[in-house]
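Novice: Anchor point for the sequence shown: position 105 equals 175 in this note's numbering, and the numbering is continuous, going up by one each time.
By construction, the Cβ of each residue, glycine as well, lies at the ideal position given by its N, Cα and C atoms.
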Amino acid sequence: MKKKCLECGTEIMGRVDKKYCSDYCRNAYNNKVNKDSKNLVRNINNRLRKNYRVLDSFPLREGKTRTTRTRLLDKGFDFDFITNLYTTKKGTTYYFVYDLGYLPLDNDQYMIVKRE
Ligand SMILES: [Zn+2]
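#1: For THR137, which of ASN121, ASN109, TYR180, PHE166 has the nearest alpha-carbon?
#2: Over what stretch of residues does the beta strand (DSSP E) that includes LYS184 continue unbroken?
#3: Closer than 7 Å: is that where the CB of GLU81 sits relative to any heavy atom of ligand 1?
#4: Please tell me whether, using a cut-off of 7 Å, the distance from the CB of SER92 to the nearest non-hydrogen atom of ligand 1 is below it.
#5: Rounded to whole angstroms, how far is the Cβ of LYS134 from the Cβ of VAL183, which I believe are closer than 8 Å?
#6: Flag GLU186 as yes when its Cβ comes closer than 7 Å to any non-hydrogen atom of ligand 1, and as no otherwise.
#7: Which two residues bound the contiguous beta strand (DSSP E) that contains TYR164?
Structure (structure tokens):
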């Protein structure tokens, strides 16, 4: 079976376990893979930063405030991106983006809290 270079598609001669026709192609291919994973991390970090800014835009009174799902969405909050969960002894789960979190309440209401 003939193998082709993963980078340029040239047919590869020689060892069966070779994946690239040259060092140049191996480096080019690996650089692309690394770049993609760096982009992934950067995009997720941007989403988290945006979410943090949204939570941070609500003035807190004694470390908390209330808002609605609509207001969070209007400000661009993305519920898919959080950094951690915190579950109290009573079994209530807060969703955190760094030190700012939210707790879903009834009727699309949300409590926003800041961790001490
Ligand atoms: Zn090649």
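Specialist: The answer reads as follows:
#1: Taking the first residue of the sequence shown as position 1, residue 137 is located at position 67. The residue with the shortest Cα to Cα distance from THR137 is TYR180.
#2: Taking the first residue of the sequence shown as 1, we reach residue 184 at position 114. 179–184 is the extent of the beta strand (DSSP E) around LYS184.
#3: For the purposes of this step, residue 81 is taken as the residue at position 11 of the sequence shown. It does not: the Cβ of GLU81 is nowhere closer than 7 Å to a heavy atom of ligand 1.
#4: One-based indexing of the sequence shown puts residue 92 at position 22. Yes; taking the cut-off as 7 Å, the Cβ of SER92 has a heavy atom of ligand 1 nearer than that.
#5: The sequence position of residue 134 within the sequence shown is 64, counting from 1. The sequence position of residue 183 within the sequence shown is 113, counting from 1. The beta-carbon distance between LYS134 and VAL183, rounded to whole angstroms, is 5 Å. This is short enough to meet the 8 Å contact definition.
#6: Your numbering for residue 186 matches position 116 in the sequence shown. Every heavy atom of ligand 1 is 7 Å or more from the Cβ of GLU186, so no.
#7: The residue labelled residue 164 in the question sits at position 94 within the sequence shown. TYR164 -> beta strand (DSSP E) spans 163–167.
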